[in-house]
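Q: The numbers in the working numbering rise by one with no breaks, and the one at position 567 of the sequence shown is 580. One structure follows; several queries about it will come next.
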Amino acid sequence: MVQQSPYGAWESPITVDMVAAADGRPGYLGAVGSELWWTEPRPDEGGRRALMRLKADGTVESVLPAPWNVRNRVHEYGGRPWAGAIGEDGSPVIVFTNFDDQRLYVFEPDRWRDPLPVSPAPRAPGGLRWSDPVVDMERFEAWAVMEEHTGPHPTDVRRVLASVDLTSYGEDARVRELTDDSYRFLTGPKVSADGGSVAWIAWNHPHMPWDETELRVAEVTGDGKLIETRTVAGGGGESIAQVEWSRDNTLVFASDRTGWWNLHWIDPLTLESGAVHEAEAEFAGPMWDLGKAWFGILASGDIAAVHGRGEGRLGVFDAWDRTMNLVEGPWTEWAPGIAAVGDRVYGLAASAATGYEVVEVDTMAGTTRVVAAEHKDTVDPTYYPVPEHRTFTGVGGREIHAHVYPPRNPEYEGSEGELPPYAVWVHGGPTSHVRAVLDMELAYFTSRGIGVVEVNYGGSTGYGREYRERLRERWGEVDVEDCAAVARALAAEGTADPARIAIRGGSAGGWTAAASLTSPASQGVYACAVVKYPILDLSGWTGNDTHDFESQYVYSLVGPPEVLEERSAERSPVHHADRIEVPFILLQGLEDEVCPPAQAEKLLQAVAGRGVPHAYRTYEGEQHGFRRDATIVDAVLAEHALYAEVFAFPGPDFDLELRP
């Protein structure tokens, strides 16, 4: 029987341990011969990433035991950490990056299990990093992005494509640079089917990869050198996000030249080009990490592609009749992790009721099946939240996209006449977006009677270039206004209790959450805030005060150097701490190179002695984002305890220690 109980006080079977265990998803799918390989998170093993293998007989195994951690720190966010090929004896040859030392390793799991380092030991810890590799069996080399840190500062760095000899180990490791360092950033190499050409994407500051990139091509000589290097597409305000070779040595790439990341083709020799498929939908997204794959070319010449407007559905573009056909199934979201093997497609798919699973699509038979990481319900699915996809109206009549998750618990309903508390969840990036898939952390709160709304504010991806450029030079304004508009709308329509609305976010979302407490555009909207690994001072988030990848990002988000200081003073929470009137908590990883602890500490100094209840919780061993189970548990409980105290309902057994 359903019983009435105050919102927030509902009992739920979803525990913090379940939240921690469900953190992360599989990633970096790839084929090695007839086998499928990928990485999986291990929150209970210090947050390491395990390398997984789906063998031809259907069995799944973890290939490397702890403490091997298949992950890298190129751009700090990392990228594709492994590659494989089939050796002469028919067994796999695998190369991967290990997080602890950032070196590149080789091993043959069917012959010898102990990986051997094939890249040199860096002069400084983590000073030589590798990402997005491919294996060249003809020369027995790995080709990859090499990131070399040349000095003590984060921007003392150069990046090139380089090859590593897979027969030379340890102190004898041999590296051969394939390109110069005239481009600050580049993706890993894509080798043509005949082995005679290679393509990659490159860009320079002040651009971010969603602003402007170039498609570069070179010829490969018999001794493995790159010659005739040239740009064949991109530049001039065009963003190219992924490139692949077709069997006839034509390049297929995702470009936003139409205002949407659509599929195009080009002959790199004649430069003849055209559209593969144009639509008002995104066929790619922001390149935050290297090695993402939104599309793959099948043996038939058809193209499997993740695409949509505010969502990621998998479709197969029929090259003969020029139509895009959606893949049927229970999944509503596909991650950018496509692996095409013959006429089969492997991808990472989820829905509002399932986490990400490894799914096989047989495009010839028209069948789908889960082959690994199958979702298993740890509680009755009736406790899972159900998203309502909404479009709200913001300042000036602009559209704001959001997912609304009302409280949901089969055993409870709110007290008569009571409206539920709500939390506005702000995604990071900010050039990113949030997907409507099962999130056990979100379910933890909604099953206890706390509603959640995830806002894809102006600047988010998934809705075309015009939508994502709403934030250009207006970060701290548009994002804050849009989140406040959604919160006010939910209160005005009677969905949320106007006196009990919180805001929370991490990284760039932490910025928006904190700025929402100090901006005049959102004064009086929020009763409290959760701010995780945030940016809090814009002028302190440039150059060597952050990592190289984002060291000039703020110029497009806020303004060029000549106006940055003024706008930072206008918008940064650290300069307006006197406007903060509600409780908040700060959660920070102590090894964060993207948003260092110094950012959080500035705000703490600014609010000291002002009488605003707050707490600061730090986590050793955590970088940007939380990966360890103990950290995740503590962060969720701290957030729950804050809501309980501010919204006046029973909370967890947790000592938050809010202090003025």
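Here a beta-carbon is modelled for each residue, glycine too, at the ideal position from N, C-alpha and C. Please read these numbers as outputs of a predicted model, since none were measured by experiment.
Could you check whether G40 and A348 sit closer than 9 Å to each other, using their CB atoms as the reference points?
A: Yes, the pair counts as a contact, with Cβ atoms nearer than the cut-off.
Q: Any idea what DSSP makes of V399, helix, strand or coil?
A: It is coil, neither helix nor strand.
Q: Is the separation between the beta-carbon of P720 and that of A212 shorter than 9 Å?
A: It is not possible to answer for residue 720, since the shown part of the chain is limited to 14 through 673.
Q: Between which two residues does the alpha helix (DSSP H) holding H277 run?
A: H277 -> not in any alpha helix (DSSP H); beta strand (DSSP E) instead, spanning 275–279.
Q: Could you give the residue range of the beta strand (DSSP E) that holds E121?
A: First-last of the beta strand (DSSP E) with E121: 117–121.
Q: For the candidate residues Y182, E184, G201, whose alpha-carbon lies nearest to that of L191?
A: When only C-alpha atoms are compared, the closest one is G201.
Q: Any idea what DSSP makes of K305, helix, strand or coil?
A: If DSSP states are grouped into helix, strand and coil, K305 belongs with coil.
Q: Which residues does DSSP list as the beta-bridge partners of F266?
A: Note: F266 sits in a beta bridge opposite V256, H277.
Q: What residue from V256, T263, T644 has the CA that sits closest to W274's CA?
A: Of V256, T263, T644, the residue nearest in Cα terms is V256.
Q: Let me check understanding here. Comparing Cα to Cα, which of G410, M453, E426 lies closest to P394?
A: Comparing Cα positions, the closest option is M453.
Q: Which residue wins for smallest C-alpha separation from Q674, given the options Y632, L617, R584, H588?
A: No statement about residue 674 is possible, as the shown extent of the chain runs from 14 to 673 and does not include it.
Q: In whole angstroms, what is the alpha-carbon distance linking E486 and G472?
A: In a straight line, the C-alpha of E486 is about 11 Å away from that of G472.
Q: Identify whether G522 lies in helix, strand or coil by the three-state DSSP scheme.
A: The answer is helix: DSSP assigns G522 an H, G or I state.
Q: If we require 3 or more residues per run, which beta strand (DSSP E) segments fall completely within the segment 511–592?
A: For the segment 511–592, whole beta strand (DSSP E) runs of length 3 or above, ordered along the chain, are 514–519, 541–545.
Q: Could you please give me the residues that DSSP links to R630 through a beta bridge?
A: DSSP, once it has assigned bridges, lists L600 as partnering R630.
Q: If you run the structure through DSSP and keep just helix, strand and coil, what is Q6?
A: Limits of the chain in this structure are 14 at one end and 673 at the other, which puts residue 6 out of reach.
Q: Hey, S520 and D224 are a contact pair by Cβ (cut 8 Å); roughly how many whole angstroms apart?
A: Incorrect: roughly 19 Å between the Cβ atoms, too far for contact.
Q: How about A363 and H402: do their beta carbons lie closer than 9 Å?
A: Their beta carbons are not under 9 Å apart, which means A363 does not touch H402 by this criterion.
Q: Pick from G97, V384, A317: whose alpha carbon is nearest that of A69?
A: The option with the nearest alpha carbon to A69 is V384.
Q: Measure the CB-CB distance between R66 and E58 and report whether it falls below 9 Å.
A: No, the Cβ-Cβ distance between R66 and E58 is not below 9 Å.
Q: Alpha carbons only, please: which of A386, A498, G553, S552 is nearest the one belonging to S529?
A: Here the closest residue by C-alpha is A498.
Q: Can you tell me the Cβ-Cβ gap for V131 and D178, rounded? I've got them flagged as a contact below 8 Å.
A: Contact flag correct, Cβ pair sits at about 7 Å.
Q: Are the beta-carbon atoms of D591 and G60 separated by less than 9 Å?
A: In this structure, G60 does not lie closer than 9 Å to D591 by Cβ.
Q: Find the nearest neighbour of A332 within the set G304, Y369, W307, W278, judged by alpha-carbon distance.
A: Nearest C-alpha to A332: W278.
Q: DSSP on R616, reduced to helix/strand/coil?
A: The question names Arg, but residue 616 in the sequence shown is Leu. Of the three classes helix, strand and coil, the one that applies to L616 here is helix, per DSSP.
Q: Once you ignore the five residues that flank T406 on each side, which residues in its own chain have a CB closer than 8 Å to its CB?
A: Here the set comprises E412, I413, A498, A502.
Q: Between the segment 339–347 and the segment 412–430, can you find at least three pairs of beta-carbon atoms closer than 8 Å?
A: Not touching, per the Cβ criterion.
Q: Quick check: what's the CA-CA separation for V399 versus G103?
A: Straight-line Cα distance between these residues: approximately 47 Å.
Q: Report yes if the CB atom of I463 is closer than 9 Å to the CB atom of V544, and no otherwise.
A: For I463 and V544, no; Cβs fall outside 9 Å.
Q: Between P54, A654, R483, E324, which has its C-alpha nearest A34's C-alpha?
A: Closest option to A34, Cα to Cα, is P54.
Q: Among residues of its own chain, excluding the 5 on either side of R126, which ones have a beta-carbon nearer than 8 Å to its beta-carbon?
A: Excluding sequence neighbours, R126 sits near F120.
Q: Figure out for me which residue from L141, S585, E151, G97 has the closest Cα to the Cα of G164.
A: The candidate whose alpha carbon is nearest that of G164 is L141.
Q: List the DSSP bridge partners of M674.
A: Residue 674 falls outside the range modelled here, since the chain spans only 14 to 673, and no answer is possible.
Q: Mind checking whether R270 and V245 have CB atoms under 9 Å apart?
A: Cβ atoms of R270 and V245: not closer than 9 Å.
Q: Ignore the nearest five residues each way along the sequence and tell me which others in I593's own chain have a CB closer than 7 Å to its CB.
A: Within the same chain, I593 has close Cβ partners L530, T531, V620, V625.
Q: Mind reading off the beta-carbon distance from H560 to P167? Whole number of angstroms is fine, and I expect it under 8 Å.
A: That pair is a contact at about 5 Å.
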